[in-house]
Amino acid sequence: MLVQKYKDMLSGKSVIRQLSEFATARGKEIGYENVFDYSLGNPSVAVPKVCTDAMIELLQKEDTLALHGYSPSLGITSVREAVAASLEKRFGLPYRKEHIFMASGAAGALAHAFRLVAEPGDVILTFAPFFPEYHPYVDLTGAVLKVVPPDTERFQINTEKFREMITEKVAAVLINTPNNPSGVVYSADTLRELSDILREKSAQYGHDIYLISDEPYREIVFDGETVPCVSCFYDNTIMCYSFSKALSLPGERIGYVAVSPRCKDAETMVNMCGQISRGIGHNCPASLFQLVIARTLDQTADLSVYETNRNILYRELKELGFTCVKPGGTFYIFPKALEEDAKAFCQKALKYDLILVPGDTFGAPGYFRMAYCIDTEKVERSLKALRRFVKEEYGKGKVE
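Going by the numbering used here, 752 is the number at position 328 of the sequence shown; the sequence numbering is gapless.
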């Protein structure tokens with residue numbers, strides 16, 4: 425007999441994926457260049473040459489069995505050493521290979537992190553707006569994801585509501601900075617306050633509350649800023665990282681878990697990840713790409729296009745009368761819709777071949793997400809459609 429919970433999920437497919445599929449189908453009708461598809465967070469800049477060169481050199485010079493064989497359960501030792509050395513150099517924490525577990529992207533890293541610290545029935549808290557796939561990621565472990573309502577003024581953490589919701593059942597808190605969908609970078613003050621509350625509540629309840637930090641957008645930040653290192657603020661932090669965004673490698677599914685060296689039982693936790701893999705199948709990510717990223721750890725693709733796109737869209741949205749928090753990173757912007765029902769707003773936008781994602785599934789009804797990881801030329805052409813949409817449907821702005 426088919427398992428009912430997965431069968432039930434068929435009626436609740438990802439809204440993002442559904443809109444992306446709509447955009448693809450529409451593109452076959454009118455040419456995809458004429459569809460302004462802001463649905464899917466798929467990197468749009470080229471893989472950096474240094475990454476391609478590393479792949480070619482490895483394929484030409486290294487033993488094929490080593491390149492394509494199974495890695496050790498925790499990852500290739502030299503790669504774990506390289507990741508640890510890079511983290512220590514960047515953030516000043518004494519990472520060693522014993523703190524690193526290689527994973528199949530951030531999703532695979534999160535799958536391990538949740539199972540490390542949460543039993544079935546435990547609660548994991550996250551903060552709206554949040555990546556909607558967190559629900560299946562957490563709920564299918566047997567733990568329960570609960571969402572703290574958003575601070576819509578700044579899209580930092582709503583600490584007042586957080587204090588109300590952090591009960592004895594909370595095993596971990598999940599954060600994502602820079603944030604999908606808001607593009608906001610959590611400030612040092614936000615992380616300091618969050619950490620203080622976690623220490624206070626851990627002491628009050630008599631058990632550790634872990635902080636799981638989902639960081640696939642860590643390198644995509646704007647205006648010359650840097651992202652505060654979450655692990656520097658709270659000892660019991662589990663960092664989950666992916667190279668998908670910074671190196672434009674989403675299809676290669678490569679990332680890692682980095683347990684803070686200051687975390688109690690950190691080495692045991694990493695060894696446990698190897699055992700968790702036996703049950704969920706997220707084991708032994710591709711050996712070739714483990715070796716590639718070890719050679720390119722401190723490199724990125726040319727991420728400047730995302731800042732250019734951010735600037736174009738933010739300026740236009742503000743001129744058209746949208747309320748919008750300026751993104752500090754990622755390739756997302758999260759404005760408030762021009763009517764209360766963001767689903768209706770995004771449905772109307774489809775008539776103008778604008779593919780926008782309503783904020784309801786992100787835990788922020790009334791808002792919508794634009795993933796601006798598309799060519800700048802297309803962003804600029806989309807402005808005419810955006811102005812026409814806003815003028816004809818809401819009577820704002822002017823049409824050229």
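The beta carbon of each residue, even a glycine, is placed where N, CA and C say it ideally should be. Since the structure is predicted, the reported quantities are computational estimates derived from the model, not experimental observations.
Item: Stretch-stretch touch, CB-based, cutoff 8 Å, three pairs: the region 716 to 727 with the region 472 to 486; Value: yes
Item: Alpha-carbon to alpha-carbon, residue 639 and residue 467; Value: 15 Å
Item: Sufficient close CB pairs (3 or more, under 8 Å) joining the region 588 to 602 to the region 551 to 564; Value: yes
Item: Bounding residues of the beta strand (DSSP E) (the contiguous stretch that carries residue 793); Value: 792 to 795
Item: Endpoints, the alpha helix (DSSP H) within which residue 728 is located; Value: 728 to 743
Item: Option in 559, 515, 732, 772 with minimal Cα separation from residue 535; Value: 559
Item: Best match in 700, 820, 752 for proximity to residue 743 [C-alpha to C-alpha]; Value: 820
Item: Short Cβ contact (8 Å threshold) for residue 714 with residue 497; Value: no
Item: DSSP three-state assignment for residue 782, whether helix, strand or coil; Value: strand
Item: Per-residue burial, residue 605 [other beta carbons within 10 Å of its own, 16 or more giving buried]; Value: buried
Item: Contact between the region 609 to 623 and the region 657 to 671 (3+ Cβ pairs under 8 Å); Value: yes
Item: Expected contact under 8 Å - CB spacing of residue 493 and residue 524 to nearest Å; Value: Not a contact, Cβ separation roughly 20 Å.
Item: At least 3 beta-carbon pairs within less than 8 Å: the region 516 to 533 vs the region 682 to 691; Value: yes
Item: Cutoff 8 Å: residue 725 Cβ touching any chain B Cβ; Value: Here chain B cannot be found, since the structure has a single protein chain.
Item: Spatial neighbours of residue 825 in its chain, beta-carbon cut-off 7 Å, leaving aside the 5 residues before and after; Value: Residue 825 lies beyond the stretch modelled for the chain, which goes from 425 to 824, so this question has no answer here.
Item: Chain-order list of residues whose beta-carbon lies under 7 Å from that of residue 502 (same chain, five-residue window excluded); Value: 718
Item: Among 573, 779, 632, the one whose alpha carbon lies nearest that of residue 802; Value: 779
Item: Assigned exposure category for residue 676 - 16 Cβ within 10 Å defines buried; Value: buried
Item: Cβ shell of residue 747 (< 6 Å), same chain only, five flanking positions each side left out; Value: 760
Item: Residue 452 (DSSP reduced to helix, strand or coil); Value: helix
Item: Residue 716 (DSSP reduced to helix, strand or coil); Value: helix
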